[in-house]
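These notes concern the structure reproduced below.
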Amino acid sequence: MGGKAPVAELIPPDSDITAMQSTDSTVVVSDETRTAEADKIVVDADDKLANVNEAKPGTWGACFEYLMTKSELKDMINPFTNEAPAFVAACIPSDGNLPGNIVIEKLIPTPGSAVPVINSQLINSDPIDQKLQLRISVCDKGSYAIKIAELEF
2 MGGKAPVAEL
12 IPPDSDITAM
22 QSTDSTVVVS
32 DETRTAEADK
42 IVVDADDKLA
52 NVNEAKPGTW
62 GACFEYLMTK
72 SELKDMINPF
82 TNEAPAFVAA
92 CIPSDGNLPG
102 NIVIEKLIPT
112 PGSAVPVINS
122 QLINSDPIDQ
132 KLQLRISVCD
142 KGSYAIKIAE
152 LEF
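Taking my numbering, the leading residue of the sequence shown gets 2, the next gets one more, and so forth.
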């Protein structure tokens, strides 16, 4: 179908497949043989994971942190819960805990497709220093989405 002839499998003569497999690449670290360097590698991996989740300047995570601590939004009250408004991924009518929550969706255009845009939730690592198409909605008392605005940010 691709216009290429099938490639024959190369197996050396008089060889056993199990003999070709080596256990030299397998490393087993028990508690007795664990070294300080191995512990450092685990800690470094945890630090990198923590750094990925940090709010970096120019990302939605830093903007969200600012909105919730320094803007007028921090003083707003959700009338349904008498708490600060929360941001959720979507308004789901079967979930009775969503009224008054805010949904911000990122709209990604799909040129040449029958579906004009794909919407997804903003995540902390999304860059906001580039042009974004956003849809802002609020969940009503039945947890249905009320579209507030669609804007280019």
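The beta-carbon is built from N, C-alpha and C at its ideal position, and this holds for glycine as well.
Q) Which parts of the region 47-115 are runs of the alpha helix (DSSP H), unbroken and 4 residues or longer, counting only runs that do not cross its ends? A) Runs of the alpha helix (DSSP H) lying entirely within the region 47-115, each at least 4 residues long, are 61-71 in chain order.
Q.
Taking the straight line between their C-alpha atoms, what separation do you get for Lys71 and Cys64?
A. Indexing the sequence shown from 1 puts residue 71 at position 70. Indexing the sequence shown from 1 puts residue 64 at position 63. Just so you know, the alpha carbons of Lys71 and Cys64 end up roughly 10 Å apart.
Q) For Ile137, which of Asn125, Pro112, Leu68 and Leu108 has the nearest alpha-carbon? A) If you number the sequence shown from 1, residue 137 lands on position 136. If we check each option's Cα against that of Ile137, Leu108 comes out closest.
Q: Tell me, to the nearest whole angstrom, how far the beta carbon of Gly101 is from that of Asn79; I am working on the premise that it is less than 8 Å.
A: Indexing the sequence shown from 1 puts residue 101 at position 100. Indexing the sequence shown from 1 puts residue 79 at position 78. Between the beta-carbon of Gly101 and that of Asn79 there is about 4 Å, and that keeps the pair under the 8 Å contact cut.
Q.
In the DSSP output, which residue or residues are listed as bridge partners for Gln131?
A. Indexing the sequence shown from 1 puts residue 131 at position 130. DSSP links Gln131 through a beta bridge to no other residue.
Q.
Measuring alpha carbon to alpha carbon, tell me which residue in Leu99, Ala146 and Ile119 is nearest Glu84.
A. As a working note, residue 84 is residue 83 in the sequence shown. Closest by C-alpha distance to Glu84, out of Leu99, Ala146 and Ile119, is Leu99.
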